[in-house]
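Undergrad:
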Amino acid sequence: MKIVKVKDYEELSQKAAAYFIQKIKQTPTLTLGLATGSTPEGMYRYLVKDHEKNKTSYRKVKTFNLDEYYGLNGTDKNSYRYFMNQHLLHHIDIELTNAHVPYGDVQKSDVECATYEQLIKQHGGIDLQLLGIGANGHIGFNEPGSSFESRTRVVKLTEKTRQDNARFFNGIDEVPTHALTMGLGTIMESKEIVLIASGAGKKDTMRILLSGKISPDFPASVLHGHPNITVMADEEALAGIQI
Ligand code: PGA
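Residue numbers for the sequence shown follow the numbering used here, so the first one is 15 and each next one is one higher.
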């Protein structure tokens, strides 16, 4: 696990974006895994800025998002499809049919999950996966206790995650109780992973992650078994941690 320490959120966003841009330039047909949440917003802003200024092209890029709330349609402003459209996809030249987010408003969620797995496989797997990390160590919506072998599936969200995400909704009652998420096994098959973390709120999370202890109680600890992972985090998130 390679650790890159940066000064603050701005530098994190800039550095992470620069890394992705360089990879896309090297391989214009790259398949990216993408994440939602507050942390990647700044990075997406830099990707958009770069696309406008330097014309980095996403015409042949494919993307797969980690997760989606169960029950939400992509037009719902709290859906992750909507988030991706607003923060990135509508502002770059990607073919929207190449930008995948699990469908949340499906009758047969198990069929949707199996289809999503299949689609990733058909594309030859994910080349470069972006991850945020939840305060409880979740990646995607793989909550504590998730199997390290898990695949894309429907999961029940913990109360902690629902509370953390309630800030985007009109109160906790509106936060969905379930989500569709790539599994830890799915994520681990990505060829390369970049995890980003920022702010004092992630300090304890980073301390646990970087302690090196591996347990399903802290899902992100599975990443210690990945051969090509970089953790980029700012000074606040890494405060007090010896690197
Ligand atoms: P955040 O979420 O970027 O909003 O902190 C991270 C996550 O829950 O994966």
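We put the CB at the ideal spot given by N, CA and C, even for glycine.
(1) Is the region 200-213 close to the region 140-155, with three or more CB pairs under 8 Å?
(2) Any heavy atom of the ligand PGA within a distance shorter than 8 Å of the CB on T172?
(3) Report buried or exposed for D81, applying the criterion of at least 16 other Cβ atoms within 10 angstroms of its Cβ.
(4) Do V245 and I153 have their CB atoms nearer than 9 Å?
(5) As a quick exercise: from L194, A49, V115, pick the residue whose alpha carbon is nearest that of K122.
(6) Just curious, the beta strand (DSSP E) that R73 is in, first and last residue?
(7) For L48, write down the residues that DSSP places opposite it in a beta bridge.
(8) Fully enclosed by the region 98-136, which beta strand (DSSP E) runs are 3 residues long or longer?
(9) Of all the options D90, D64, L133, K67, which has the alpha carbon lying nearest to the alpha carbon of G47?
(10) Give every residue whose Cβ lies closer than 5 Å to any heavy atom of the ligand PGA, listed in chain order.
(11) Among G254, D64, Q256, E55, which residue has its Cα nearest to the Cα of K39?
(12) Which of the three DSSP states, helix, strand or coil, is assigned to L252?
(13) Please name the residue in V125, A49, S212, D178 whose C-alpha comes closest to that of N5.
(14) Pull up the distance between the alpha-carbon of T43 and that of S71, whole angstroms please.
(15) Checking 9 Å against the spacing of the C-beta atoms, do T175 and E131 come in under that value?
(16) Return the bridge partner residues of I210 from the DSSP annotation.
(17) Would you mind reading off the limits of the alpha helix (DSSP H) that contains L223?
TA: Looking at the atomic coordinates:
(1) yes
(2) Position 158 of the sequence shown, counted from the start, is the residue given in the question as residue 172. Not so, every heavy atom of the ligand PGA lies at least 8 Å from the Cβ.
(3) Your numbering for residue 81 matches position 67 in the sequence shown. Buried, by the Cβ-count rule.
(4) Here residue 245 corresponds to residue number 231 of the sequence shown, with the count starting at 1. Here residue 153 corresponds to residue number 139 of the sequence shown, with the count starting at 1. Their beta carbons are not under 9 Å apart, which means V245 does not touch I153 by this criterion.
(5) To locate residue 122, count along the sequence shown from 1; it is residue 108. Nearest of L194, A49, V115 to K122, Cα basis: L194.
(6) For the purposes of this step, residue 73 is identified with residue 59 of the sequence shown, where counting begins at 1. Segment: none, R73 is in no beta strand (DSSP E) and carries neither H nor E.
(7) As a working note, residue 48 is residue 34 in the sequence shown. Answer is N79, bridged to L48.
(8) none
(9) Against the sequence shown, residue 47 aligns to sequence position 33. That would be L133, whose Cα lies nearest to the Cα of G47.
(10) G51, S52, T53, G146, G148
(11) Counting from one through the sequence shown, the residue named residue 39 turns up at place 25. For K39, the nearest C-alpha among the options comes from D64.
(12) On the sequence shown, residue 252 is found 238 positions in, with the first residue counted as 1. Coil at L252, not helix or strand.
(13) In the structure as shown, the chain begins at 15 and stops at 257. Residue 5 is therefore absent and cannot be evaluated.
(14) If you number the sequence shown from 1, residue 43 lands on position 29. If you number the sequence shown from 1, residue 71 lands on position 57. Distance between the alpha carbons of T43 and S71 is about 10 Å.
(15) Counting from 1 along the sequence shown, the entry for residue 175 is found at position 161. Counting from 1 along the sequence shown, the entry for residue 131 is found at position 117. No; because the gap between Cβ atoms is not below 9 Å, this pair is not in contact.
(16) For this step, residue 210 is matched to residue 196 along the sequence shown. According to DSSP, I210 bridges with M246.
(17) Position 209 of the sequence shown, counted from the first residue, corresponds to residue 223. Element bounds for L223: 217-225.
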